[in-house]
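If you're matching positions, the sequence shown starts at 1 in this note's numbering and goes up one per residue.
For each residue, glycine too, the CB sits at the ideal point set by N, CA and C.
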Amino acid sequence: MAKWQNDLMLDAAFDWVRARVTKLNVCSTQPTTYAQATSTYMLANTTVTSTEITLSNGDTSGRKMRTSSQTSVSVSVSGTAAHIALTGSTGSTLLFITTCTTQALTSGNTVSVPAWDDEILDVA
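1. Span of the alpha helix (DSSP H) holding residue 121?
2. Between the beta-carbon of residue 105 and the beta-carbon of residue 21, is there less than 8 Å?
3. Using three-state DSSP, classify residue 11 as helix, strand or coil.
4. Quick one: what's got a C-beta closer than 8 Å to residue 107's C-beta in the same chain, skipping five residues either side?
5. Less than 8 Å between the beta carbons of residue 23 and residue 45, yes or no?
6. Would the segment 33 to 44 and the segment 54 to 63 be scored as touching if the rule is three or more Cβ pairs under 8 Å?
7. According to DSSP, simplified to helix, strand and coil, what is residue 70?
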């Protein structure tokens, strides 16, 4: 018997992120808590809204969430960027973490974050 799931099921996971996201945080180390993403390891951050996260068919299968690029994000703490975290202010929630190309950042400068994707594959 073939396996199948409705795309709406996969979209629901991404919609959970979209409904809560308020900030994109550039971090020096992988955060495991909201406080780490927004303070302890945070080098730069910017406000994002649900409209900056779009859903579409996945490149391989399933569904894809694309977070739009962010330009000229002010760096508030010097350090080496290694992770990007999406956070939400409601309930102080750590929503999503991904890696990024490591880059030395200097306080007072700006950094640009390219668009990035995450996919949930179809059931196999």
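According to the data block:
1. The sequence position of residue 121 within the sequence shown is 121, counting from 1. Looking at the DSSP string, residue 121 is not in any alpha helix (DSSP H), and its letter there is neither H nor E.
2. Your numbering for residue 105 matches position 105 in the sequence shown. Your numbering for residue 21 matches position 21 in the sequence shown. No, these two residues do not count as a Cβ contact at 8 Å.
3. For the purposes of this step, residue 11 is taken as residue 11 along the sequence shown, with counting starting at 1. Residue 11: helix per DSSP, three-state reduction.
4. Numbered from 1 along the sequence shown, position 107 holds the residue referred to as residue 107. The residues are 75, 76, 77 and 78.
5. Along the sequence shown, read from residue 1 onward, the residue named residue 23 stands at position 23. Along the sequence shown, read from residue 1 onward, the residue named residue 45 stands at position 45. It is a contact, given that the beta carbons lie within the stated cut-off.
6. no
7. Counting from 1 along the sequence shown, the entry for residue 70 is found at position 70. Of the three classes helix, strand and coil, the one that applies to residue 70 here is strand, per DSSP.
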